[in-house]
Every structure is written in structure tokens, then in C-alpha cells.
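Novice: Would you mind keeping the following structure in view while I ask a few things?
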Amino acid sequence: MSTADHPRSFTITLLPSQRSFASTGQTTILEAAALAGLRLSSSCRNGTCRSCLCRLVDGTLQYRIDWPGLSADEKATGWILPCVALPTSDLIIDQVDFLEMPDPANIAETKRARGRGF
Ligand code: FES
Numbered sequence: 002m003s004t005a006d007h008p009r010s011f012t013i014t015l016l017p018s019q020r021s022f023a024s025t026g027q028t029t030i031l032e033a034a035a036l037a038g039l040r041l042s043s044s045c046r047n048g049t050c051r052s053c054l055c056r057l058v059d060g061t062l063q064y065r066i067d068w069p070g071l072s073a074d075e076k077a078t079g080w081i082l083p084c085v086a087l088p089t090s091d092l093i094i095d096q097v098d099f100l101e102m103p104d105p106a107n108i109a110e111t112k113r114a115r116g117r118g119f
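All letters in the sequence shown, in the order written, are residues 2 to 119 by the working numbering.
Below, the structure is given as C-alpha cells:
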């Protein structure tokens, strides 16, 4: 039986907030965060600008691209680029800035309330 028959699920925990979310390992950390309603710092989303740079405290990952914008020293000391990183285990990541994205259901309710003159 292949691993495709058993979808993986990893937990990604952000420090210092302790906020966590799930990932199948098929999407980048940045994409998995967005699916969980979190917007992590980013810009290019292709591993070149380093806007998303943060530090891996625990876990393993692989990169979607061959040459993410990190030096060998940075990789060796745990710096990662979540926009192109795919988890291969549960992860703990430090120094992550993020914003909670509003729940679309709440946005729709707010618009309806405004439409009624509130
Ligand atoms: S968003 Fe540019 S390197 Fe990650």
C-alpha cells in the first residue's frame, strides 16, 4: 500500500504565539497557513526575496525549488523560507509574523448588517 493511500497530516506550530495548524505536506507552509486563516509575512512567494525568512526549531522539510534563497550557513543554522518549504514532519517554527485573516462568513454577516443600516 502506498503513502498516497494514507494522506499524511502534520502539525505546524508557530513560536512565540504557539498558534498551530495542519498541513498535508502537499502545500507549502505559507499555503497551509493561509488555508488555516493565517497570513504569514511574504512577498515573492518563490523563494527569492526572503520576506518570509524564519527559523526551524524542530522537524524536517523539503523545498519545492532546487535553490531557495538561503546560504549553506543559513540552512545549517535552521533558517527556512516557508513560501517554498513543504513539511515532511511536524514542525515548530520561530520568529514568524502573521495576521489572522477574517473569517469570510463574518465578512458576509458584517456586509449584511451594514446593508440594514447598522
Ligand atoms: S516570500 Fe519571498 S522568499 Fe518567501
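We put the beta carbon where it would ideally sit given N, CA and C, even for glycine.
Quick check on residue 59: does DSSP put it in helix, strand or coil?
Specialist: Strand at residue 59.
Novice: Determine contact between the region 81–99 and the region 52–61, defined as no fewer than three beta-carbon pairs at a distance below 8 Å.
Specialist: The region 81–99 is in contact with the region 52–61.
Novice: From residue 34 to residue 41, what distance separates their C-alpha atoms?
Specialist: Spanning the two alpha carbons is a distance of roughly 7 Å.
Novice: Who's in the neighbourhood of ligand 1, going by beta-carbon under 6 Å from any heavy atom, listed in chain order?
Specialist: With the cut-off at 6 Å, the residues found are 43, 44, 45, 46, 48, 49, 50, 51, 52, 53, 70, 82 and 84.
Novice: Measure the C-alpha to C-alpha separation of residue 80 and residue 71 and round it to an integer number of angstroms.
Specialist: So the two alpha carbons sit approximately 8 Å from each other.
Novice: At which residue ranges does the region 23–103 contain complete beta strand (DSSP E) runs of 3 or more residues, listed in the order of the chain?
Specialist: Counting whole runs of 3 or more residues, the region 23–103 contains the beta strand (DSSP E) stretches 39–41, 55–59, 62–64, 86–88, 92–95 and 99–101.
Novice: Taking residue 24 and residue 88 to be in contact with their CB atoms under 8 Å, please state how far apart those CB atoms are, rounded to whole angstroms.
Specialist: Contact holds; Cβ gap of about 5 Å.
Novice: Could you please give the first and the last residue of the uninterrupted beta strand (DSSP E) stretch that includes residue 15?
Specialist: 11–15 is the extent of the beta strand (DSSP E) around residue 15.
Novice: Within this structure, are the beta carbons of residue 62 and residue 37 separated by less than 8 Å?
Specialist: No, the Cβ-Cβ distance between residue 62 and residue 37 is not below 8 Å.
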